[in-house]
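FYI, full-length UniProt numbering numbers position 321 of the sequence shown as 321, with every residue one higher than the one before it. Ideal Cβ positions, reconstructed from N, Cα and C, are used throughout, including at glycine. Predicted, not measured: the structure shown is a model, and the values here were computed from it. This report concerns only the one structure given below.
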Amino acid sequence: MASALTSHLKTKLVPKNGYMSIVYIKSAQYSSDGRPNLAAYKRGTGGRSSFNGIVATVFGCTGFVGRYVCNKLGKTGTQMILPYRSDFYDAARLKLCGDLGQVLFTPFDLLDEESIAKAVRYSNVVINLVGRDYETKNFKYMDVHVEGARRIARISREMGVERFIHLSYLNAEENPVPLVMKKPSMYKVSKYLGECAVKEEFPTATIFRASDIYGSEDRFIRSFATFWRRHSHYMPLYKNGKETIKQPVYVADVAAGILAAARDPDTRCQIYQAVGPKRYMLSDLVTWFYALTRRDEKWGFRHYDMKYDPIFPFKVWVANALSPAYPYGGLHWESLEKEATTDKPVRGVPTLEDLGVTLTNIEDQAPWELKPYRAYQYYIDQLGEFPTPEPPKVQTAL
């Protein structure tokens, strides 16, 4: 972190032993206790080479949402401190989000409070995007979503951080009713308790409750496209997908909402629902996804109620038992429970549109996301040879 500090100190050349040496002079940009005096910085949003007055620490920066958030922050002149716990080269590509000196890295561990304190020491905004879709032998849902979020929020408050932004789940609740599983979803429970923990430790935190997020390398659209999720031409769905309504949101829209909240002090203590502009029946969405990959009903695609499939539970067990680290194809019971859950945004709670975000329609984005999964990719089709599938029917709002 010392290199980050010295990069902002004024310098002058002085003669020393017959040579000209560089001497660092502490400027008014730093207060007596060493913390940045942001008021002394040149502000502006002139792009990645400028500085807009925000120093943001992004936990979970290497994840699916984190990469988009870092790009949005860097594009508007935010200086970023990016903690990473894996190999550095997983995070190194995020250097491109900002100009030289704008993106700083530091190793951290969710159980190491000293490393967390080091990561937030010089920041005025902390964004927590840490989360798990599945449990591992080292980290359970409660460890990541509750205790981890509580620890980051508490240390941020103790270090004098001004703003804290936390990403949660739209359908999080304390006592969820099981749908596919035989017991309540610990993913939903831990996300709910994580919100409560963040509010306790950082009362002015801003919370985003997101529905299913799609985009490049997502775990929503692509989970349906993998062969692990289907049996050849057939797709098992909870109650045939007829009783599940989804309102998926594009990942760049979520990132834009987080950026808007970080720049607006009036978003303190607020909860925002990160949902898409339209609602769809799950069966219609899945049918449309496969039509985009040229696997429509003429190809033989069908979906059915998974409760009539005795083989599918065995396939879920294989996907988890044979994998050394993560479920193959993202296929596990918690993901199926989340997939079967209807998105229920609460009336009166602000959404991304209240932050000035123009929402992306899935009809405009899904064809691009599913292009790598098209059947017969080696075939070079002529323009208009394959008709454009009809988009899924939009369901009425709650």
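State buried or exposed for residue i, treating a residue as buried only when at least 16 other CB atoms are found within 10 Å of its CB.
i: Thr-287; result: buried
i: Asn-175; result: exposed
i: Arg-302; result: exposed
i: Tyr-89; result: exposed
i: Gln-365; result: buried
i: Glu-334; result: buried
i: Lys-220; result: Checking the displayed sequence, the identity of residue 220 turns out to be Phe instead of Lys. Phe-220 is buried by the Cβ-count criterion.
i: Gln-273; result: buried
i: Arg-295; result: buried
i: Gln-382; result: exposed
i: Tyr-134; result: buried
i: Ala-119; result: buried
i: Gln-79; result: buried
i: Phe-64; result: buried
i: Lys-108; result: Position check: residue 108 holds Phe in this sequence, whereas Lys was assumed. So Phe-108 counts as buried.
i: Phe-289; result: buried
i: Tyr-68; result: buried
May I ask which residues mark the beginning and end of the beta strand (DSSP E) holding residue i?
i: Arg-219; result: From DSSP, Arg-219 is part of no beta strand (DSSP E); its letter is neither H nor E.
i: Ser-168; result: 163-169
i: Ala-210; result: 206-210
Whose C-alpha, out of the options, is nearest the C-alpha of residue i?
i: Gly-74; options: Lys-140, Val-58, Thr-226; result: Val-58
i: Gly-215; options: Phe-51, Gln-382, Leu-94, Glu-369; result: Glu-369
i: Pro-178; options: Glu-337, Glu-385, Pro-391; result: Glu-337
i: Ser-123; options: Ile-54, Pro-392, Lys-371, Lys-239; result: Ile-54
i: Asn-361; options: Ala-252, His-332, Arg-347; result: Ala-252
i: Ala-172; options: Val-346, Ile-380, Thr-106, Lys-239; result: Val-346
i: Gly-77; options: Ser-50, Val-65, Tyr-84; result: Ser-50
i: Val-126; options: Lys-188, Ala-205, Arg-209, Ile-213; result: Ala-205
i: Asp-87; options: Thr-106, Cys-97, Gly-101, Leu-100; result: Thr-106
i: Thr-396; options: Thr-358, Tyr-280, Glu-353; result: Tyr-280
i: Ile-207; options: Gln-270, Phe-224, Trp-228, Arg-93; result: Gln-270
i: Phe-202; options: Asn-240, Phe-224, His-231, Met-159; result: Met-159
i: Ala-91; options: Gly-60, Thr-267, Leu-110; result: Gly-60
i: Pro-313; options: Tyr-328, Glu-147, His-332, Tyr-304; result: His-332
DSSP state of residue i, grouped into three classes?
i: Lys-393; result: coil
i: Arg-67; result: helix
i: His-332; result: coil
i: Tyr-378; result: coil
i: Tyr-326; result: coil
i: Val-14; result: Confidence in Val-14 is poor, its pLDDT being 45 and thus under 50, which makes the residue's placement too unreliable to answer from.
i: Ala-197; result: helix
i: Lys-26; result: Note that Lys-26 scores 40 on pLDDT, short of 50, meaning its location in the model is unreliable; the coordinates nonetheless yield the value given after this. Note: Lys-26 maps to coil in three-state DSSP.
i: Val-55; result: strand
i: Asp-305; result: strand
If I follow the unbroken alpha helix (DSSP H) through residue i, where does it start and stop?
i: Asp-364; result: 362-369
i: Phe-312; result: 312-321
Problem - Length at least 4, wholly inside the stretch 234-295: the alpha helix (DSSP H) runs in chain order - result: 251-263, 282-292
Handout entry: 4-residue-minimum alpha helix (DSSP H) runs that sit fully inside the stretch 60-109, ordered along the chain
Key = 64-75, 88-91
Exercise for the section: Could I get the ranges of all uninterrupted beta strand (DSSP E) runs contained in the stretch 111-167, with 3 residues as the minimum, in chain order? Expected result: List check, beta strand (DSSP E) in window: 125-128.
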